[in-house]
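Okay, so the sequence shown: first residue is 428 according to the working numbering, each after it adds one.
Built from N, CA and C at the ideal position, the CB exists for glycine as well.
All values reported here derive from a predicted model rather than from experimental measurement.
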Amino acid sequence: MATGTAKNEADLKVVDERFNPLLAPHQVLVRPLVTEKGLHRANRVNAYAFEVNRQATKFDVRRAVAELFNVRVVKVYIQNRKGRPRRSRNKIVMTSDWKKAIVKLHPEDKIDFF
428 MATGTAKNEA DLKVVDERFN PLLAPHQVLV RPLVTEKGLH RANRVNAYAF EVNRQATKFD
488 VRRAVAELFN VRVVKVYIQN RKGRPRRSRN KIVMTSDWKK AIVKLHPEDK IDFF
């Protein structure tokens with residue numbers, strides 16, 4: 428997955444294009460989603476939900492969770508969530524679109540703040 432137009436392979440930098448180089452691990456995860464359904468999922472199947480940066484990919488989320496919580500990530504599921512209409516006085520406004528990640532961990536690992 429090398430990019431560039433150099434003639435010699437040694438001149439090319441091999442860059443993994445799946446990672447977003449602009450996002451540090453602490454910028455990828457916006458907040459954990461602590462809900463009744465999320466707590467059930469955490470206890471039963473060892474999967475945790477996070478709101479993540481809209482530019483983050485599955486690979487960014489995997490790397491961020493592994494680095495920040497020192498756990499082994501098995502699978503990452505991503506959902507793009509649409510904003511919902513909300514009433515504000517006599518107008519209807521839309522909330523922002525956001526991205527949700529569900530991270531499944533190795534059976535021996537656990538995140539404690541849930």
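To which residues of the same chain is residue i closer than 7 Å at the C-beta, ignoring the five residues directly before and after it?
i: D536; result: V498, R499
Please report the straight-line C-alpha distance between residue i and residue j, rounded to a whole angstrom.
i: W525; j: R508; result: 5 Å
i: T522; j: S515; result: 11 Å
i: A528; j: L449; result: 19 Å
Give every residue of the same chain whose Cβ lies closer than 8 Å to the Cβ of residue i, excluding the five residues on either side of it in the sequence, and list them in chain order.
i: H453; result: A491, L495
i: Q482; result: N447, L449, L450
Ends of the beta strand (DSSP E) at residue i?
i: Q482; result: From DSSP, Q482 is part of no beta strand (DSSP E); its letter is neither H nor E.
i: N507; result: 500 to 508
In its own chain, which residues sit with a C-beta less than 6 Å from the C-beta of residue i, not counting the 5 before and 5 after it?
i: A476; result: L460, G465, I529
i: H533; result: R499, V501
i: A474; result: R468, I529, K531
Run the CB neighbour count on residue i, radius 10 Å, all protein chains shown included, and call it buried at 16 or more, exposed below.
i: D487; result: buried
i: R489; result: buried
By the DSSP assignment, the alpha helix (DSSP H) with residue i in it spans what residues?
i: K531; result: Note, K531: premise wrong, no alpha helix (DSSP H); beta strand (DSSP E) at 525 to 532.
i: K537; result: Taken as a continuous stretch (DSSP letters only), K537 belongs to no alpha helix (DSSP H), as it is neither H nor E.
Considering only DSSP beta bridges, list what residue i is partnered with.
i: P512; result: M521
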